[in-house]
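See structure below.
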Amino acid sequence: MYQTRILPVLEPDSLGQFQTSFPSASSSLNHWKAAAPSAPGMDALTTAADHIRNTDTPVGFPTETVYGLGADATRSGAVRGIFTVKGRPSDNPLIVHVCDLEMLRGLIAGSEESGKETIPAIYLPLIERFWPGPLTILLPVPSASLPPSTAPKWTLAPEVTAGLATFGARLPASPLTRTLIRLADAPLAGPSANASTRPSPTTAQHVVDDLAGRIEVVLDGGACGVGVESTVVDGLCDPPVVLRPGGISLAELRAVPGWERVERAYHDVSKGGNSTSADSSSDTKKQAQAEAELKPRAPGMKYKHYSPKARVVLFEDWRASAAPRSLERLVKDLQDEAGQTPASTTVGVIRTATWPALQGSSLLQANANGNSAAPGLEVKAGGSTVVYKLEEYNYTTAQGPHVLELDLGRDVPSIAHGLFSALRDLDTRGADVILVEGIDDRGDDMASAVMNRLRKAASDVR
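The opening residue of the sequence shown carries number 1 in full-length UniProt numbering; numbering runs sequentially from there.
Put into structure tokens, the structure is as follows:
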């Protein structure tokens, strides 16, 4: 049992820079140089890097997507520490984080002396467009029998890939993360820093809420700007595919040369008719079921995930005409189904687009804590701040439940920013059941990632 410490990093964006002074450099992302040891925040990063190098206990660290749980990806003992701390299934592969393209090339087979690029050509346009950022690419694991002249500098621990012939790699946008990797002098295996199946953490406190006593150090770089994990793509097949939706949309990928034909290769099982016709076919559902029996090719593809303690009921039909005729009636029906006394139940309601606000209902009255801003999230991204609001209500009769109503806003980035924090906040406030209004995910934007996470979190999809 550890005494878990949060180490604040007050200036996370000033901890290093890409060094572009190499005349022969083919990319500005070739080499990341850490800030001077005396720079603000470097003492916390040095402490975390020492833990990564010298122990098998992972550390919590922020990225632009969610908080990660980092360990040296080349040491089996350190990587096994991640699985132990999270309670993560061992057949669920881990994403490898690098600080620059030099480190990425150090994980790939090939001779640097030949002067040839070892990163597969299909990925170069994506790297130029989206890195550093929320995009993970699948790469082949080098053979263990390669001659020294072509062997990689770093050999991944087998636990990272879960026995697969490929591994996922990404270059995070956070300067804090890149400097941590540079100081550790090794690529980091870094899944989300939550207990397995729980909502992903977007603040340092979320990490502590799940993993207190299991890890020693959590770096606090503030709230994450994206709020959902990276998009995972496989360009080693034809056509290339998206294995997990995330911070980069399908439309953005298709605008990159060589990726015009990229397809979705993940399957969201839905009941509300909100999936595409291809996803709704019986053949596709059979294929998804068969794939579920195999090892997942990327994190988040197989297991129930992102779930709070409360029962989550997702209403997929996002059309305005499908909004519940009476949200209060819906709440009562769910109490009856659960066999609980309504007055003893706390119901969370997450609104996004069409559901009517509960304020003004003749059946509800705001309690003393009503009209309060939820303290769980304040995300600053691109100069803007996203804050969700929480309203608390009691039924006007003694037979009604306690209701917590949370509005994530109308635009998809706001919903993505607040989603995981909202689920955690309602859990903390004692919600027994959480009703979530789905959003239109037919477009090529982050809505697909939001609905993908919600479907995996839901106990009941309607």
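Note that CB positions come from ideal geometry on N, CA and C, so glycine has one too. Note that the structure is a prediction, hence the values are computed from the model and not measured.
Rounded C-alpha distance that separates Leu253 from Pro245: 11 Å
CA-to-CA distance, Pro93 to Asp210, given in whole angstroms: 21 Å
In chain order, each alpha helix (DSSP H) run of at least 4 residues that lies wholly inside the stretch 152–238: For the stretch 152–238, whole alpha helix (DSSP H) runs of length 4 or above, ordered along the chain, are 158–161, 175–184, 204–211.
Of the listed residues Ile52, Glu64, Gly87, nearest to Arg75 (C-alpha basis): Ile52
Which of helix, strand or coil DSSP assigns to Pro147: coil
Candidates Asp91, Ala357, His97, of which the one nearest Ser196 by Cα: Asp91
Three or more C-beta pairs below 8 Å linking the stretch 127–144 and the stretch 171–179: yes
Close-in-space but distant-in-sequence residues of the same chain around Pro158 (CB under 6 Å, 5 per side omitted): none
Per-residue DSSP class, three states only, for Glu102: helix
Integer Cβ distance of Thr4 from Glu216, believed to fall under 8 Å: 6 Å
Length at least 4, wholly inside the stretch 12–93: the alpha helix (DSSP H) runs in chain order: 42–54, 76–86
Inter-stretch contact (C-beta, 8 Å, three-pair minimum) for the stretch 190–208 and the stretch 118–132: no
At least three beta-carbon pairs within less than 8 Å, the stretch 140–155 to the stretch 30–41: no
Nearest-angstrom Cβ-Cβ length linking Pro308 and Ile434, presumed shorter than 8 Å: 7 Å
Presumed contact (8 Å Cβ cut-off) between Gly16 and Arg182, rounded CB distance: 7 Å
For Phe167 and Leu180, believed in contact at Cβ under 8 Å, the rounded distance: Not a contact, Cβ separation roughly 20 Å.
Bridge partner(s) assigned by DSSP for His97: The partner list for His97 (beta bridge, DSSP) reads Arg170, Leu188.
Phe315 versus Ser421: straight-line alpha-carbon distance, rounded: 19 Å
Close Cβ partners of Ala457 (< 6 Å) along its chain, the five nearest in sequence each way excluded: Tyr306, Ser307, Val312
Helix, strand or coil at Gly110 [DSSP, three-state]: coil
Ranges of the alpha helix (DSSP H) found wholly within the stretch 423–458, counting only runs of at least 4: 447–457
Rounded C-alpha distance that separates Gln359 from Asn394: Between the C-alpha atoms of Gln359 and Asn394 there is a straight-line separation of about 11 Å.
One or two residues paired with Leu138 in a DSSP bridge: Answer is Gly168, bridged to Leu138.
Alpha helix (DSSP H) segment containing Ile127, residue limits: 124–130
Outcome for Ala290 when other beta-carbon atoms lying within 10 angstroms are tallied against a minimum of 16: With a pLDDT of only 45 at Ala290, under the threshold of 50, the placement of this residue in the model should not be trusted, and no figure is reported.
Contact set for residue 468: own chain, Cβ-Cβ below 6 Å, skip 5 residues either direction: The shown model of the chain, from 1 to 462, leaves out residue 468, and the question about it has no answer.
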